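Since the structure comes first, as structure tokens, the remarks are kept for the end.
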Amino acid sequence: MARIRVLVVDDHRIFAESLAAALAAEPDVDVSAAGSGPAALRCLERSAAEGRRYDVMLIDAELGILATGGARAVPVPDSGPNGSALVDGISLVAGVRSGQPSVRTVVLAEKDDPRRAALALQAGASGWVAKDCSLQRLLAVIRGVLRDETHLPAALLTGVLRELTTARKHRTESEQLVESLTPREREVLRCMVAGLGRKAVAERLFLSPHTVRTHMQNVLGKLGVHSTLAAVALARRAGVGPAALSGDVVERGGQLA
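Right, dumping it as structure tokens:
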């Protein structure tokens, strides 16, 4: 009998242990539990090194939110499985999708939330399930996502489709704004997405800080935003990734150096 390896990720220990125990009673399920995003990543790394990868991760939608003072992190798909930016449940989904795409992720939620469910799907989740669903329903979802099915509660479908349509519209608008930038301004924007300050950008692109400041002001103006944070958020919506911090080529005057 092929066994399904499941990792439960929830910072509410009693819930995580209870769910793990219930799943472990199934003859074809091996289950472990992790109490945080970093702990889950360590489990993934250890299992991959041992050649015993997990098949499905069940991730709390609210994972890590209490620890970050209520902040809801934006998914960070470029961080990879070892990225320090992986804090909340949706961000963890994105990191797993990027680092170990064979692992299916299902988000466990205490309440229906179309916006969060849409974010989870965009991040790479295969399902969104209520925490108070029956064990048989959860097992059906686990087995279903391994057949490449996507599972959502029927009550969420309309709201999730609306959110995805709106996100697609915003992405298209953001892409058009980014396309208005010059090649040099786009490179500066990628540096901003990577979190580099003006001095670091100047050193990286072999420009003066004054020139970088002008480029940054032009970027903000063309994107119609008033802060670096807003520019980075818009860039993310448009699919602009961060500049690699090492081992890459530098663009000079629109030509690769």
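In the working numbering, each number is its position in the sequence shown, counted from 1, plus 499. No residue lacks a Cβ here, since even glycine has one placed at the ideal position from N, Cα and C. In this text the structure is predicted, and so the values were computed from the model without any measurement.
Option in Val700, Gln675 and Asp527 with minimal Cα separation from Leu722:
Gln675
Quick check on the DSSP output: what are the complete alpha helix (DSSP H) runs of length 4 or more inside the stretch 658 to 717, in order along the chain?
682 to 692 and 697 to 704
Comparing C-alpha positions only, which one of Arg661, Cys632, Thr713 and Gly626 sits nearest to Arg518?
It should be noted that the sequence gives Leu, not Arg, for residue 518. The shortest Cα separation from Leu518 among Arg661, Cys632, Thr713 and Gly626 belongs to Cys632.
On the CB-based measure, 16 or more other CB atoms within 10 Å of its CB, does Gly598 come out buried or exposed?
buried
Can you tell me the Cα-Cα spacing of Cys690 and Val700, whole angstroms?
For Cys690 and Val700, the distance between alpha carbons rounds to 6 Å.
Per the DSSP calculation, Gly594 is bridged to which residue(s)?
In DSSP, Gly594 forms no bridge with anything.
Secondary structure at Val507, three-state DSSP: helix, strand or coil?
strand
Please state if the CB of Ile589 and the CB of Glu615 are separated by a distance shorter than 9 Å.
Looking at the sequence shown, residue 615 is not Glu but Arg. For Arg615 and Ile589, yes; Cβs fall inside 9 Å.
Cutting at 6 Å between CB atoms, please list the residues of its own chain near Val507, excluding the five before and the five after it.
Counting only Cβ-Cβ distances below 6 Å, and skipping sequence neighbours, we find Ala515, Leu518, Ala519, Ala532 and Leu557.
Any idea what DSSP makes of Leu722, helix, strand or coil?
Leu722: helix per DSSP, three-state reduction.
In angstroms, rounded to a whole number, what distance separates the CA positions of Val739 and Val692?
CA-CA distance, Val739 to Val692, rounds to 8 Å.
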